[in-house]
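**Q** Starting off with a structure, shown below.
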Amino acid sequence: MAKLTFKEDLCKGCGLCVKFCPKGVLALAQERINAKGHHPVEAKEPENCIGCAFCATMCPDCIIKVER
Amino acid sequence: MTTVFDRPHALKDVSLHYCPGCTHGIIHRLVAEAIDSLGIEGRTVGIASVGCSVLTYNYFNVDMIQAAHGRAPAVATGVKRAYPDNIVFTYQGDGDLAAIGTAETVHSAARGENITVIFVNNAIYGMTGGQMAPTSLPGQITQTSPYGRDVKTVGYPVRVCELLREVDGAAYLERVAVNDVKNVKNAARAIKKAFQYQVEGKGFSLIEILSTCPTNWGLTPDKALGWLEDNMIPYYPLGVYKDKYAKEAE
Amino acid sequence: MAEKVLMKGNEAIAEAALMAGCRHYFGYPITPQTELTAYMAKRLPRMDGVFLQAESELAAINMVIGVSAAGKRVMTSSSSPGISLKGEGLSYLAGCDLPAFVVNVQRGGPGLGGIQPSQSDYFQATRGTHGDYRTIVLAPDSVQEMVSLTIKGFELADKYRMTTMLLADGTLGQMMEPVSLDAEEVVTFEKPWAACGTGMKRPNNIINSLSLIPEELEQWNLTRFKRYDIVEENEVRYEEYMMEDAEICLVSFGITARVSKNAIAEARARGIKAGMIRPITLWPFPKKPLLAAADKVKAFISVEMNMGQMVEDVELATRCRKPVLSCTRCGGVIPSPDDVMTAILKANEMGGAAK
Chain A
102 MAKLTFKEDL
112 CKGCGLCVKF
122 CPKGVLALAQ
132 ERINAKGHHP
142 VEAKEPENCI
152 GCAFCATMCP
162 DCIIKVER
Chain B
13 MTTVFDRPHA
23 LKDVSLHYCP
33 GCTHGIIHRL
43 VAEAIDSLGI
53 EGRTVGIASV
63 GCSVLTYNYF
73 NVDMIQAAHG
83 RAPAVATGVK
93 RAYPDNIVFT
103 YQGDGDLAAI
113 GTAETVHSAA
123 RGENITVIFV
133 NNAIYGMTGG
143 QMAPTSLPGQ
153 ITQTSPYGRD
163 VKTVGYPVRV
173 CELLREVDGA
183 AYLERVAVND
193 VKNVKNAARA
203 IKKAFQYQVE
213 GKGFSLIEIL
223 STCPTNWGLT
233 PDKALGWLED
243 NMIPYYPLGV
253 YKDKYAKEAE
Chain C
34 MAEKVLMKGN
44 EAIAEAALMA
54 GCRHYFGYPI
64 TPQTELTAYM
74 AKRLPRMDGV
84 FLQAESELAA
94 INMVIGVSAA
104 GKRVMTSSSS
114 PGISLKGEGL
124 SYLAGCDLPA
134 FVVNVQRGGP
144 GLGGIQPSQS
154 DYFQATRGTH
164 GDYRTIVLAP
174 DSVQEMVSLT
184 IKGFELADKY
194 RMTTMLLADG
204 TLGQMMEPVS
214 LDAEEVVTFE
224 KPWAACGTGM
234 KRPNNIINSL
244 SLIPEELEQW
254 NLTRFKRYDI
264 VEENEVRYEE
274 YMMEDAEICL
284 VSFGITARVS
294 KNAIAEARAR
304 GIKAGMIRPI
314 TLWPFPKKPL
324 LAAADKVKAF
334 ISVEMNMGQM
344 VEDVELATRC
354 RKPVLSCTRC
364 GGVIPSPDDV
374 MTAILKANEM
384 GGAAK
C-alpha cells in the first residue's frame with residue numbers, strides 16, 4: 102500500500118527515521134556500509150509501512166521518498 | 013501510487029555537509045518546501061551567514077549571497093530595497109544573529125524590512141567546535157564554558173523572540189522546534205507563513221527554530237532531540253510572540 | 034559656455050553619483066562628510082531611489098554588498114574611523130568581485146582623531162584590509178574633479194568588478210567651488226552574474242568569497258589579479274604640472290597639491306625649477322611618469338597631510354634613484370605654501386643620485 106525509496110548513499114545513519122517510524126518498519130543495515138561509511142537505513146518490514154512519512158519528515162538529508 | 017513525500021525542488025539534490033542527525037537539514041527542507049508551495053523560487057534570493065550553515069549557498073536552487081558573520085539582515089536589506097518584488101530570506105545561527113549580528117537583527121526588525129529571517133537556535137557555536145553561544149543555557153558545558161555557563165560571570169541567555177517583540181517594526185515572530193514530527197510540521201507551517209507574509213508585503217518576520225547539535229552537545233542524534241525537549245523548550249517557550257495580522261487571519 | 038553652480042564638495046559628490054545613475058545610498062552621519070548623507074536623504078526619495086541611514090557604517094557597507102550583489106549601482110560614504118568600520122565589508126566586496134563606490138572624506142587620526150582634514154588614510158585606502166586585493170583609489174583636488182571622478186568611479190567599479198574609493202579630505206568636502214554639472218557620458222554594464230532572482234530561466238547565481246579548497250581559492254585570487262593587471266595597464270591617471278624643465282619634482286594629491294602649486298609659483302619666481310606630478314589615481318599609482326622623472330630631476334618632495342605614507346610609494350616608484358624628501362603636516366593642520374617652500378629650498382641644495 103505504501104512504498105519507500107531511499108537515496109542510500111546520502112544516508113548518514115543518524116537513525117531519526119528509525120526512531121520516529123510508528124510501525125517499526127525501518128532499521129539501520131548493520132551488516133553493510135554505504136559510500137559515506139554509514140550504516141544506511143532500509144525497510145526491514147516494508148509490508149507494515151502505512152505511508153505516514155514520519156520518517157521522511159524527520160530525515161535531515163531528504164533521502165526518503167514516500168509513495169502511497 | 014501518488015507521491016506523498018519527496019525532496020522539494022528548491023532544495024538541490026546534493027549531499028548536505030551537516031553532521032548525522034543535525035536538524036539544519038530538516039530546516040533547509042522546510043524552507044525549500046515553503047518556497048515551492050508559494051511558487052516563488054524564481055524570485056527568491058537567499059542570504060547565507062557564517063556558522064555551520066555557511067555552505068547554505070550550495071543547497072538552495074535560488075540566487076544566493078554569502079554574507080559576513082552577523083551581517084545577513086543588512087545584506088538582505090540591500091537586496092530587498094533594490095528589488096522589492098524579490099523574496100529575500102536570511103538563514104542564521106545563534107552566534108550570527110544574537111551575538112555579532114545583534115545590531116543588524118534589531119535594526120532590520122525596527123525598520124520593518126519586508127524580509128524573512130530563519131533563526132536556527134541550537135544553544136552552541138557548532139562550526140568552530142562547540143563554544144558558548146548567547147543562547148547557551150545556564151550551566152551548559154561548552155568549550156568556552158568548560159565548567160558550565162556561570163550566569164554570575166557571563167550573564168544569562170538571550171531570548172530573541174521576546175527581545176524583538178518590543179520592536180514595533182517586527183510583524184511576525186514565532187518560536188518553533190524540530191524535535192519531533194508534530195513540532196516539525198508546526199515549524200513547516202510557521203516558516204511558510206513567514207514567507208507568505210513577505211509575499212503579501214506584511215513586513216519583518218523571524219522564525220526562531222530550536223534545533224540540535226548532537227556533535228557538540230556530545231549526544232546521539234535521538235538523545236539530542238530529547239535534550240532539546242527537556243532543556244531548551246522550558247527556557248525558550250514555543251509559540252507566537254507577535255503577529256500584527258493575527259486578527260485578519262481569524 | 035557651460036553653466037556653473039556653486040556647490041559644496043560633499044554635495045557635489047552626491048549629485049555626481051546621481052548623475053551616474055546611482056539610486057541607492059547607505060550611510061551614517063560622521064564629520065566632515067555628513068552633508069553628503071543629508072543631500073542623498075533629500076534627493077533620493079524624490080527620485081524613487083533608496084536612502085537609508087543605517088545603524089552603523091558596518092551595516093551600511095553590508096547593505097551596499099546586498100545592492101551590489103543584486104546588480105545595481107550603490108554607494109556609501111564616511112570618514113576615516115567609519116571607513117575602518119567598513120573594513121570587513123570592503124574585503125568581502127573584493128572577495129566577491131562586486132562593484133561598489135565608497136567615499137572617504139578624511140579627517141585627522143588615528144582613533145577618534147579630529148574633525149579637521151588629513152590624508153592619513155592613504156595606506157588604508159591603497160593597501161586595504163585583510164586578504165590580497167586592490168582598490169581603485171581616486172584623489173580629486175577640486176570640486177569639479179570630485180564630480181568627474183565620481184562618475185568615472187562608478188564606471189570603473191562596474192567595468193572591473195571592484196571597489197572604487199574616492200579619497201577626499203575635509204577641506205575638499207567642505208569647500209564650495211563653481212562646478213559644471215553638464216551631463217558627462219555615463220557608461221553602464223550588463224551584470225548577468227547578479228543575484229536578483231533566477232526567474233526560473235537560468236541556473237542560480239552565487240555571490241560568495243568562501244572556498245575551503247586552497248587550490249580553488251588561489252585560482253580565484255589569480256583570476257582577480259589578472260583583472261587588476263589590466264587596471265594597472267589602462268587606468269593610471271595623473272597630472273604633470275611644470276615638469277618639462279623641472280629639477281625638483283613635488284608629488285602631492287588632493288588639497289596639498291593645490292598648496293604645492295602655490296609653492297611652485299613662489300619657487301619659480303625665485304628661479305627654482307620646481308614642478309609636480311599629481312597622482313589622480315593613488316592606485317594604480319603613476320609609477321611610469323615618476324620613474325621617468327627620476328632620470329631628470331635632482332630630488333622629489335612628497336607633500337602630504339600625514340606622517341609620511343605616499344612618500345614610500347614615491348620611493349618605490351622612483352626606485353630611490355634620487356632623494357625623496359617628505360613634507361608633512363598632520364592632526365588636521367594643512368601645510369602652508371611656506372611649509373612646502375622650506376622643503377623646496379632644502380631639495381634645491383641637493384644634487385646627484387640618492388645616497
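Residue numbers (the working numbering), protein chains in the order written: chain A, 102 to 169; chain B, 13 to 262; chain C, 34 to 388. We treat Cβ as the ideally placed atom computed from N, Cα and C, and that holds for glycine. Please read all numbers here as calculations on a predicted model, not as lab measurements.
Can you tell me whether residue 52 of chain C is helix, strand or coil according to DSSP?
**A** DSSP places residue 52 of chain C in helix when its eight states are reduced to three.
**Q** Check whether chain A comes within 8 Å of residue 38 of chain B, counting only Cβ atoms and requiring the distance to be less than that.
**A** It does; some Cβ of chain A falls within 8 Å.
**Q** What are the residues of the segment 105-128 of chain B that lie near chain C, defined by any Cβ-Cβ distance shorter than 7 Å?
**A** The segment 105-128 of chain B vs chain C, Cβ under 7 Å: 115, 116, 119.
**Q** Using a Cβ cut-off of 8 Å (strictly closer), state whether residue 155 of chain B contacts chain C.
**A** No, no contact with chain C.
**Q** If we require 3 or more residues per run, which beta strand (DSSP E) segments fall completely within the segment 230-287 of chain C?
**A** Taking only runs of at least 3 residues, the beta strand (DSSP E) segments lying wholly in the segment 230-287 of chain C are 271-274, 281-285.
**Q** Report the partner residues of residue 168 of chain A according to the DSSP bridge assignment.
**A** Paired residue(s): A/104, B/15.
**Q** So residue 90 of chain C and residue 111 of chain C are supposed to be a Cβ contact under 8 Å. How far apart are they, rounded?
**A** So it is a contact: roughly 5 Å between Cβ atoms.
**Q** Closest by CA to residue 353 of chain C, which one among C/361, C/331, C/63?
**A** Cα-wise, what sits closest to residue 353 of chain C is C/331.
**Q** Which of the three DSSP states, helix, strand or coil, is assigned to residue 98 of chain B?
**A** In this structure, residue 98 of chain B counts as coil in the three-state DSSP scheme.
**Q** Would a check of beta-carbon distances place residue 238 of chain C closer than 8 Å to chain B?
**A** Yes, contact with chain B.
**Q** Quick one: using the 10 Å Cβ neighbour count with 16 as the cut-off for buried, is residue 388 of chain C buried or exposed?
**A** Here residue 388 of chain C scores only 43 on pLDDT, less than 50, and its place in the model should not be relied on; the value that follows carries that caveat. Per the 10 Å Cβ criterion, exposed.
**Q** Since residue 66 of chain B meets chain C, which of its residues come closer than 7 Å, beta carbon to beta carbon?
**A** Here the neighbours are 243.
**Q** Assuming residue 166 of chain C and residue 108 of chain C make a contact with CB atoms under 8 Å, what is their CB distance in whole Å?
**A** Not confirmed; about 19 Å, so no contact.
**Q** Is the closest heavy atom of the ligand COA to the C-beta of residue 122 of chain A under 7 Å?
**A** With respect to the ligand COA, the structure shown offers nothing to examine, as it has no ligands at all.
**Q** Scan the segment 66-97 of chain B and note each continuous beta strand (DSSP E) run of 3 residues or more that stays entirely inside, going in chain order.
**A** You should have 75-78.
**Q** Going by the CB atoms, is the gap between residue 183 of chain B and residue 251 of chain B shorter than 8 Å?
**A** Not in contact: residue 251 of chain B and residue 183 of chain B (Cβ atoms no closer than 8 Å).
**Q** Rounded C-beta distance between residue 289 of chain C and residue 357 of chain C? I'm assuming under 8 Å.
**A** Their Cβ separation, rounded to whole angstroms, is 16 Å, which puts residue 289 of chain C and residue 357 of chain C out of contact at 8 Å.
**Q** Whole angstroms is fine: what's the gap from residue 26 of chain C's alpha carbon to residue 158 of chain C's?
**A** No information on residue 26 of chain C is available, as it lies outside the stretch 34 to 388 that chain C covers here.
**Q** Look at the alpha carbon of residue 161 of chain B and the alpha carbon of residue 154 of chain C, and state the distance between them as a whole number of angstroms.
**A** Cα to Cα, residue 161 of chain B sits roughly 42 Å from residue 154 of chain C.
**Q** Is it the case that the segment 174-188 of chain C contacts the segment 197-207 of chain C, given that we only count it when at least three CB pairs across the two stretches are under 8 Å?
**A** Yes, they touch.
**Q** Taking 8 Å as the CB-CB cut-off, is residue 181 of chain B touching chain C?
**A** So no, residue 181 of chain B is outside the interface.
**Q** Helix or strand or just coil, what does DSSP make of residue 156 of chain A?
**A** Correct three-state label for residue 156 of chain A: helix.
**Q** Less than 8 Å between CB atoms is the rule here; does residue 229 of chain C satisfy it with respect to chain B?
**A** With 8 Å as the cut-off, residue 229 of chain C counts as an interface residue toward chain B.
**Q** Please confirm if residue 163 of chain C has its CB atom under 8 Å from at least one CB of chain B.
**A** It does not: the Cβ of residue 163 of chain C has no partner Cβ on chain B nearer than 8 Å.
**Q** Can you tell me whether residue 79 of chain C is buried or exposed, with buried defined as 16 or more other CB within 10 angstroms of its CB?
**A** Counting Cβ neighbours within 10 Å, residue 79 of chain C comes out exposed, since fewer than 16 surround it.
**Q** For chain B, check one thing: does any of its Cβ atoms lie closer than 8 Å to the Cβ of residue 126 of chain A?
**A** No, no contact with chain B.
**Q** Starting from residue 122 of chain C and walking both ways along the alpha helix (DSSP H), at which residues does that stretch end?
**A** Taken as a continuous stretch (DSSP letters only), the alpha helix (DSSP H) holding residue 122 of chain C covers 113-128.
**Q** At the level of alpha carbons, what is the spacing between residue 212 of chain C and residue 35 of chain C?
**A** Those two C-alpha atoms are separated by around 9 Å.
**Q** Using only the alpha-carbon positions, how far apart do residue 374 of chain C and residue 53 of chain C sit?
**A** Spanning the two alpha carbons is a distance of roughly 39 Å.
**Q** How would you list, in chain order, the residues of chain B whose beta-carbon sits under 8 Å from the beta-carbon of residue 290 of chain C?
**A** Those within 8 Å of residue 290 of chain C in chain B number zero; the least Cβ separation is about 35 Å.
**Q** Is it buried or exposed for residue 205 of chain B, if we count other Cβ within 10 angstroms and need 16 for buried?
**A** Classification for residue 205 of chain B: buried.
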